[in-house]
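Worksheet for the structure shown next.
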Amino acid sequence: MILDLERFQIQAKQRWNGLESLLAMLEGRPDHKLNPAEAEQLQELYTQAAADLNRVTHGALAPELRRYLERLVARAYAELYYIPPARFSLWQWRRWLRIFTAFPETFRRQSRYFALAVLITALGGAMGGLAVRYDPASVDLLLPADYLRDPGKRVHAEEKGERRHVNSAQIEAAFSAKLITHNIEVSLLAAALGVTFGIGTALLLFENGVLLGAVAVRYAQQGFGLFAAAWLLPHGVFEIPSMLIAGQAGFYLARLLLRRREDRDMRQSMREWLVLIAGLALMLSWAGIMEAFFSQHHEPELPYAFKLAIGGAEFVLLTVYLAAIGRRKPHVPLEAK
Amino acid sequence: MTDARPIRLGTTAELTIATPEGVLFRLPLAGPACRLYAMLLDVVIVLATVNGLGLLVYWIFSKAPGFGVMVVTLAEFAIGFAYSALLEGFWNGQTIGKRLFHLRVIDQTGLPLRIEQAWVRNLMRVFDALPFAYLVGGISALSNPLMQRFGDRVAGTLVIRQTPLVAPGEEFWTRQKYNSFMDYPSIAMKLRRAATPELASLIQDALRRRNELAPYARREIYRELATYLQCEISPFPDELVEMLSDEQYLTNAAGVLFVDQRLSRVQR
C-alpha cells in the first residue's frame, strides 16, 4: 500500500494536534488522574494515532513522520496505561511514620537472608579471632591501625582523657555526622553489591567479620576485654546489626536477580529493599550519635558497668522491636493472591 | 538487503515497545555522554544548594560551629541522595539537568517511572560510581543494549532522549514540476522497492542540509550517493544521467521515493 502522504497528513493533522494538546494538559498534572470524558477522548485519539502510525510504518517511506507519530503514540500510551500510585504527598507525615512498623515486618519476612549475613560475618569473625590467637604474625596484616594493634596505649590515653578537648560536645557533634554518613554509605554499598549476585556483599561482610573478630581477640588477649566491650557495645549493638541488615538487603537483591524475569514481583521487592535501607539508615543515625556522644567517655567519668548496662538495654529494645513490632501476619506473595 | 549494510545509519540505540493493541513504537535511548553532562549539571546544582545552605547554617550556628558542621554534613548527604530520587519520582522522570538535556527516565515498559524505582536507581549509584567517575555504571551502560547502568537494571528503568518534535512539513522536492526519472517507471519502481528507510532518510538529510555543508563536502557526498544509487540500486539510462548533476540526480531520486506516484502521473 502506498499512501498519498500529503493528503493523509492534511486529513490527520487536526486529530494529531488535538491529541498533542490533550497530552500537554494531562502531562502537566502531577497525579496523572483522568476524568471519564478525558479518558474516552484520549482513548479515541490514541487509537487513531496508533492506526496512523501503523499505516505510515508499513505503507510509506516517511521516517520523520513516523518518528513524530511514534513519539505521539508513546506519550499517549504512557498516559493511558500508567496506573498512578495512591495519592501520596511528601507532607503526609503519617505515611512516613509507617516506616517504623514496615521495617521490622520486612526484616522478619526476609529473615533467612539476615541469617546468611550473620553466618558469613560469624565465619569472618572466627577466622579473624583464630588468626590473631594462633598466628601473631597475622596481627600486622589484619589490624593495620596502631590503636587496634596496640590496645594498651590507646586504653591508657582514653582513660586519662588525653584525647578529649575542652568543648568536646562540638567535636562530638561533627564526629557523629561523619560517622553516620560514612556508615550509611558503607551499608548502602553492601546492599547495592547484591547486583554482583551477592558475592560483593559476602566479601564485605566477611572482611567486616574478620576485623571484628581480630579486634575482639586482640583486646581480650591483652586484658582489655572489659574496656573494649564498654567502648564498642553502646553503639555496636546498633551498628553491627545494621551492617548485617545491609547484608540481608544485598542477599535479598541477589536472590531477586537470580530469579527468572517472569517470577519477579519487582514492585513489591523494590519496596522491601528500600524499607530495609531506610530502617538501617535510622539505626545507623542512632549508632552515630551514641558512638560520638556516649561511647567515647570512659572510666572514671563513666563506669564500665553502666556503659555495658546501656548497651545491654539497647540490645534488648532492638531485639524486641525487630521481633515483635508490626503485623504478625505472614506475607503472601502477590502472585499467590 | 545486503546492499544496505555499508550505509546503514547505526547512530542511536532504540527501545521497541509493542502495545496491547499490536502497535509498535520506538523510543530513542540516551547515550552515556549526554547523561554524564546532565549529571554534572545536577552535581553543580546540588553543590550550589548545599553551599548556600551551609553559609546560612554556619551563620545560625556561629556560636556552636561543631553543630553547624553536623547539620551541613547530614544535609549534604541527604540532599545528594534525595535530589535525584525525589525530582525523578515526582517530576515525571526528570531532574533539572535531565530536563535541560532533554532526557527522561522511564520504566522499561514505556510507562512513567514510579517513586520506588526512582529511589532504587539513585541509591544504586554508590555501586555505579565505583571505583571512580562512574566507571562501573559507564561500562554497564555501554555493554547493555538498553544502555542501562546497574541502578537502571535493578530498578527496571532506562533513560530516553526526548527532543521536541514537530510534524514534518512539505519538502521542496515535492514541488518539482517535472521529474525525468518518472519517464522510466520500471527503474523508478525498482528504486522504490530497493531503497531501505535508512538510505531514503540519508538522501533526505543530504538534500535538506545542502546549505549547511561546505561546497567540497557537498560535492563529494552527493557524488558518492548518486554513484551508489546508479551503480547498485537503480541504473537509469546513461544518456539521462549524463545530463543531470549529482544534486539533481538525488532530488529526482527523493521525488521518486517520497512523492506519491499517482500524484506525479496526474501532473505529467
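Chains as they are written, first to last, in this note's numbering: chain A, 1 to 337; chain B, 1001 to 1268.
Note that CB positions come from ideal geometry on N, CA and C, so glycine has one too.
Asked                                                                                                                                                            : Found
Out of N17/A, Q296/A, V132/A and A191/A, which one is the CA nearest neighbour of A157/A?                                                                        : Q296/A
What are the boundary residues of the alpha helix (DSSP H) that T1095/B is part of?                                                                              : Careful: T1095/B lies outside any alpha helix (DSSP H) and carries neither H nor E.
Quick check on N104/A: buried or exposed, where buried means 16 or more other Cβ atoms within 10 Å of its Cβ?                                                    : First, the residue type needs correcting, since residue 104/A is Pro and not Asn in the sequence shown. P104/A is buried by the Cβ-count criterion.
With a CB to CB cut of under 8 Å and the five nearest residues on each side skipped, what residues in its chain are close to L143/A?                             : V132, R149, L211, A214, V215 and R218
Buried or exposed: which applies to E1088/B, given that a residue is buried once 16 or more other Cβ atoms fall within 10 Å of its Cβ?                           : buried
Please identify the residue among L1047/B, L1074/B and V1023/B whose C-alpha is closest to the C-alpha of H182/A.                                                : L1074/B
Between V166/A and the rest of its own chain, which residues show a CB-CB distance below 8 Å, the 5 nearest in sequence each way excluded?                       : Note on V166/A: pLDDT 49, under 50, position unreliable in the model; no value is reported.
Just by C-beta distance, which residues in the segment 1057-1082 of chain B are closer than 7 Å to chain A?                                                      : A1064, P1065, G1066, F1067, V1069, M1070, T1073, L1074 and F1077
In the DSSP assignment, what residue or residues form a beta bridge with E1014/B?                                                                                : P1028/B
Provide the residue span of the alpha helix (DSSP H) that contains I1203/B, from first to last.                                                                  : P1197 to R1208
In chain A, which residues lie with their C-beta within 8 Å of the C-beta of V1126/B?                                                                            : E185, L188, L189 and A192
Quick one, are the C-beta atoms of E291/A and S176/A less than 8 Å apart?                                                                                        : yes
Can you tell me whether Y1178/B is buried or exposed? The criterion is at least 16 other CB atoms within 10 Å of its CB, across all chains shown.                : exposed
Give, in chain order, every unbroken run of the beta strand (DSSP E) that is at least 3 residues long and sits entirely within the segment 1069-1125 of chain B. : 1103-1107
Use the C-beta contact count for Q14/A: other C-beta atoms within 10 angstroms, 16 or more gives buried, fewer gives exposed.                                    : exposed
For the putative contact between Y1184/B and F1258/B, defined by C-beta atoms under 8 Å, what is the C-beta separation to the nearest angstrom?                  : Contact flag wrong, Cβ pair sits at about 18 Å.
T1157/B to L42/A, Cα distance in whole Å?                                                                                                                        : 25 Å
Mind checking if R95/A is an interface residue toward chain B, Cβ cutoff 8 Å exclusive?                                                                          : no
For T1157/B, report the span of its beta strand (DSSP E) as first-last.                                                                                          : T1157 to R1161
DSSP three-state call for N1179/B: helix, strand or coil?                                                                                                        : coil
Measuring straight from C-alpha to C-alpha, what distance separates R255/A and F197/A?                                                                           : 7 Å
How do the segment 1223-1235 of chain B and the segment 1185-1202 of chain B stand: do at least 3 beta-carbon pairs fall below 8 Å, yes or no?                   : yes
Please compile the residues from chain B whose C-beta is within a distance smaller than 8 Å of the C-beta of K178/A.                                             : T1073
Give the secondary structure of R260/A by DSSP, where H, G and I count as helix, E and B as strand, and everything else as coil.                                 : coil
Give the C-beta separation of N1122/B and G1093/B to the nearest angstrom, bearing in mind that I take them to be a contact with Cβ-Cβ under 8 Å.                : Not a contact, Cβ separation roughly 12 Å.
Going along the chain, which residues of its own chain have a beta-carbon closer than 7 Å to the beta-carbon of S187/A, five neighbours each way excluded?       : S242, M243, A246, L280 and L284
Quick check: the Cα distance between N17/A and Y113/A, rounded to an integer number of angstroms?                                                                : 54 Å
Spatial neighbours of L116/A within its chain, please: C-beta separation below 6 Å, excluding the five flanking residues on both sides.                          : F251
Which of the three DSSP states, helix, strand or coil, is assigned to E239/A?                                                                                    : helix
Note down, in chain order, every chain B residue with its Cβ under 8 Å from the Cβ of E27/A.                                                                     : N1092
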